[in-house]
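Asker:
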Amino acid sequence: MSNDKTSSTEEQRYTASTSLSSETSSNLYPAAEVIPLDSDNLSVITEIASNGSERLPETSEQTNQPLATSLQSSKDSQENVDEVSLDNMKPTPEPTVYFEDLALSDDVLDALWDMRFEKCTPVQAKCIPHILEGKDMIGIAQTGTGKTAAFLLPMLTLLHKEPHPADAVNCLILSPTRELAQQIDQALQGFAYYTKTNSVAVYGGNDGIRFEQERKAFSQGADIIVATPGRLISHLQLGNLDLSRTTHIILDEADRMLDMGFFDDIKTIMKQLPEHKQTILFSATMPPEIAKMAREMMHNPVEVKIAVSKPAEKIDQSVYVCRDSDKTPILKHIFTEQPPERVIVFVSSKQRVKELNVILKRKGYNCAAMHSDLDQAERDVVMLGFKQRNIDMLIATDIVSRGIDIDDIQMVINYDAPRDPEDYVHRIGRTARAGREGRAITLIGEKDRYPLSKIEKLLEKKIARNPLPEGCLPPEEPAEHEGRGKNHRKGSGGSKGNTSNRRRGRSEKSHAGSANNRGQRKSSPTEDGIKGQSANKQRHHRRRPNQKKSYSTNNSTPSQD
0 MSNDKTSSTE EQRYTASTSL SSETSSNLYP AAEVIPLDSD NLSVITEIAS NGSERLPETS
60 EQTNQPLATS LQSSKDSQEN VDEVSLDNMK PTPEPTVYFE DLALSDDVLD ALWDMRFEKC
120 TPVQAKCIPH ILEGKDMIGI AQTGTGKTAA FLLPMLTLLH KEPHPADAVN CLILSPTREL
180 AQQIDQALQG FAYYTKTNSV AVYGGNDGIR FEQERKAFSQ GADIIVATPG RLISHLQLGN
240 LDLSRTTHII LDEADRMLDM GFFDDIKTIM KQLPEHKQTI LFSATMPPEI AKMAREMMHN
300 PVEVKIAVSK PAEKIDQSVY VCRDSDKTPI LKHIFTEQPP ERVIVFVSSK QRVKELNVIL
360 KRKGYNCAAM HSDLDQAERD VVMLGFKQRN IDMLIATDIV SRGIDIDDIQ MVINYDAPRD
420 PEDYVHRIGR TARAGREGRA ITLIGEKDRY PLSKIEKLLE KKIARNPLPE GCLPPEEPAE
480 HEGRGKNHRK GSGGSKGNTS NRRRGRSEKS HAGSANNRGQ RKSSPTEDGI KGQSANKQRH
540 HRRRPNQKKS YSTNNSTPSQ D
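Residue numbers (numbering that gives the first Met the number 0): 0 to 560.
Here it is in structure tokens:
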């Protein structure tokens, strides 16, 4: 009997506590009966409180009002406080958006699953729905925000869902440089692995055989062409390419194409396209020329703008404008003035990391290299030594520009300026953490001038210049920039064999090495794939579950640009 009474009391207490909770709390306990707070049930609440460990007062100590009136007054007062302090509150973080929440095709989602991509970046979450709806769109976003996936994923879905002629170019992607075209093409290979989409990458070169391969690929039809404007103009002038049935065009880094003298080429290409098409434009900035072109060639475009992160205010930023051959002597000069204790030196490639690490070790510096050739165990050993102060200096690629959690980095040195300004922000963000002060020095050689201009444009300020140490000469003045428009296309292209019409599918025939296949992809979207299995078996082995899962590895988002 005693147990029944105790159980009854506990049930009443649970019900009463639910009645005093918010609507969110009531949703957490849907089985509980919510008792409205009024004069009829006030006695019940008081009785329950008397049986509990924390007794509720029957009157307010300050106002001597009944409990219900006091609670209501307190609630009104709290609402007023919240209303007053609302302006001082930080904006609520945007909710996490998963790729499976978007209307992407199953083939695309399967490829994302294989690559362990689960969450969207902000630019992907905002742009993908608009592109899937077929709207014209302007995306103001920096390189490094994930914009490549933001237009490739919905485009692959649209080409999968909508009917389109097999012998026509259905989507044209223009990029300013060969390097960016290669990056887009590589990302496309992974995202389109399970689709039957075929693509052609066209980014220049003087090889006649390669030019002929491109022409044949065009004649057989290509769902997607990734091209630099100059090379594409050459094919158009020779009649190798018909864009009259192209239904989608994407201009990536439009402001950079403007800077490089491709503006007239873009206008010429746009005239070859049909009137009714979807136009997507991405640009880090919006100069007047780009804005005017957008108004002329786009129909009621949706504008998506992604805020760019800025470095911490306590970072002392400066640059040395020098010759490439003087970078190592300047590095030694910096360490003479300020001996390295907690320093990260960022270098553009793993080969240069290895070379610089050897040079500095020979000079007696306590340093270690960090790059992608190291396996995970080797990386862990290096990072542990750096964290425990057994290593003074880390020579690294951008592999450590994000995600490392070390609060007392003394200085960051960019031995090579990053190509993307966002990478600069992430690099120097390793110092001046947790309210500390830090120093960031960038060595600007002949090849680093354009990246420096992009960095300063992003920061909206000019970075302080340091005087060169004795014995170092100022760099030679560069020749006047001539652009790479239609009159300057010679020598603008890539290497032999980088272009093929890639047809990828899931049928046994398409993965069996048939002579009819044109450059089919033979590896899975993952880096290594599953050895010894056909693509169909690989996909079956890794097929996405019907519900979301948390990955055992660190989740990442496709931010390749």
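Every residue, glycine too, gets a C-beta built ideally from N, C-alpha and C. All figures in this text were calculated on a predicted structure; none of them were measured in a lab.
Quick one: is THR95 buried, meaning 16 or more other Cβ sit within 10 Å of its Cβ, or exposed?
Answerer: That one is exposed.
Asker: Terminal residues of the continuous alpha helix (DSSP H) containing SER198?
Answerer: Taken as a continuous stretch (DSSP letters only), SER198 belongs to no alpha helix (DSSP H), being part of the beta strand (DSSP E) at 197-201.
Asker: Rounded to the nearest angstrom, how far is the Cβ of GLU252 from that of PRO175, given a contact under 8 Å?
Answerer: That pair is a contact at about 5 Å.
Asker: What is the DSSP secondary structure of CYS170, reduced to helix, strand or coil?
Answerer: Three-state DSSP puts CYS170 in a strand.
Asker: GLY145: buried (16+ other C-beta within 10 angstroms of its C-beta) or exposed?
Answerer: With 16 or more other Cβ atoms within 10 Å, it is buried.
Asker: In this structure, how does DSSP classify GLN409 when only helix, strand and coil are distinguished?
Answerer: The answer is coil: DSSP assigns GLN409 none of H, G, I, E or B.
Asker: Beta-carbon within less than 8 Å of THR396's beta-carbon, same chain only, minus the 5 sequence neighbours each way: which residues are those?
Answerer: Correct list, in chain order: PHE345, VAL346, SER347, SER348, LYS349, VAL352, MET369, HIS370 and SER371.
Asker: Please name the residue, chosen from PHE262, ILE412, ASP106 and ARG464, that lies closest to THR194 on a Cα-to-Cα basis.
Answerer: Cα-wise, what sits closest to THR194 is ASP106.
Asker: Let me know if ASP184 comes out buried or exposed under the rule of 16 or more other beta-carbons within 10 Å of its beta-carbon.
Answerer: The residue is buried, with at least 16 neighbouring Cβ atoms inside 10 Å.
Asker: Less than 8 Å between C-beta atoms, sequence neighbours within five positions excluded: which residues of the same chain meet that for LEU313?
Answerer: It should be pointed out that residue 313 corresponds to Lys in this sequence rather than to Leu. Only ALA431, GLY434, ARG435, GLU436 and GLY437 meet the Cβ criterion.
Asker: Under the assumption that PRO417 contacts ARG429 (Cβ atoms under 8 Å), give the Cβ distance between them as a whole number of angstroms.
Answerer: Going by Cβ atoms, the distance from PRO417 to ARG429 rounds to 13 Å, so no, they are not a contact pair.
Asker: Which term fits GLN387, buried or exposed, when burial requires 16 or more other beta carbons within 10 angstroms of its beta carbon?
Answerer: It counts as exposed.
Asker: To test your reading of the DSSP string, which unbroken beta strand (DSSP E) runs of 3 or more residues are found completely within the region 295-343?
Answerer: Complete beta strand (DSSP E) runs here, min 3: 301-304 and 314-320.
Asker: Quick one: Cα of ILE137 to Cα of VAL399, how far?
Answerer: Cα to Cα, ILE137 sits roughly 32 Å from VAL399.
Asker: Going by Cα to Cα distance, which pick from GLY220, THR227 and ASP254 is closest to SER243?
Answerer: Minimum Cα distance to SER243 is reached at GLY220.
Asker: So, are the CB atoms of ALA226 and ILE279 less than 9 Å apart?
Answerer: Going by C-beta atoms, ALA226 is not nearer than 9 Å to ILE279.
Asker: On the DSSP letters alone, give me the boundaries of the beta strand (DSSP E) that THR278 sits inside.
Answerer: THR278 -> beta strand (DSSP E) spans 277-282.
Asker: If I measure Cβ to Cβ from HIS159 and keep anything under 7 Å in the same chain, skipping five residues before and after, which residues do I get?
Answerer: Closer than 7 Å at Cβ, skipping near neighbours: SER104, ASP106 and THR194.
Asker: Would you report the Cα separation of LEU231 and GLY444, rounded to the nearest angstrom?
Answerer: Approximately 32 Å between the Cα atoms of the pair.
Asker: With distances taken between CB atoms, is the gap from HIS247 to CYS126 smaller than 9 Å?
Answerer: Contact flag unset, no.
Asker: From which residue to which residue does the alpha helix (DSSP H) around ALA186 run?
Answerer: Its alpha helix (DSSP H) spans residues 177-190.
Asker: Taking the alpha-carbon positions, what's the SER452 to LYS460 distance?
Answerer: If I take the Cα positions, the gap works out to 10 Å.
Asker: Apart from the five residues on each side of it in sequence, which residues of its chain come closer than 8 Å, Cβ to Cβ, to GLU53?
Answerer: For GLU53, the predicted model reports a pLDDT of 38, less than 50, meaning its position is unreliable and no value from the coordinates is stated.
Asker: For VAL96, which three-state DSSP category applies?
Answerer: VAL96: coil per DSSP, three-state reduction.
Asker: From the DSSP output, which residues share a beta bridge with GLY260?
Answerer: Paired residues: none, contrary to the question.
Asker: Helix or strand or just coil, what does DSSP make of GLY138?
Answerer: GLY138 falls in the strand class under three-state DSSP.
Asker: Could you please give me the residues that DSSP links to ARG464 through a beta bridge?
Answerer: BP columns for ARG464 point to VAL318.
Asker: Once DSSP output is grouped into helix, strand and coil, what is the label at ALA439?
Answerer: If DSSP states are grouped into helix, strand and coil, ALA439 belongs with the strands.
Asker: What does a CB cutoff of less than 6 Å around GLN316 pick up in its chain, not counting 5 residues either side in sequence?
Answerer: For GLN316, where only same-chain residues beyond five positions count, the Cβ hits under 6 Å are ALA439 and ILE462.
Asker: Leaving aside the five residues before and after GLU274 along the sequence, list all residues of the same chain whose C-beta is less than 8 Å from its C-beta, in chain order.
Answerer: Answer for GLU274: no residue qualifies.
Asker: If I'm right that PHE261 touches PRO228 with Cβ under 8 Å, what's the distance once you round it to whole angstroms?
Answerer: With a Cβ gap of about 4 Å, PHE261 and PRO228 count as contacting.
Asker: Candidates LEU131, TYR202 and PHE190: which alpha carbon is nearest GLU178's?
Answerer: If we check each option's Cα against that of GLU178, TYR202 comes out closest.
Asker: Determine the closest residue to MET296 out of ASP100, PRO164 and LYS270, with distance taken between C-alpha atoms.
Answerer: Nearest C-alpha to MET296: LYS270.
Asker: Which residue wins for smallest C-alpha separation from LEU101, given the options LEU330, LEU131 and ASP447?
Answerer: Out of LEU330, LEU131 and ASP447, LEU131 has the C-alpha closest to the C-alpha of LEU101.
Asker: Have a look at the DSSP bridge pairing and note the partners of CYS366.
Answerer: Its beta-bridge partners are MET392.
Asker: Taking all protein chains shown into account, decide if ILE208 is buried (16 or more other Cβ within 10 angstroms of its Cβ) or exposed.
Answerer: Exposed: under 16 other Cβ atoms inside 10 Å.
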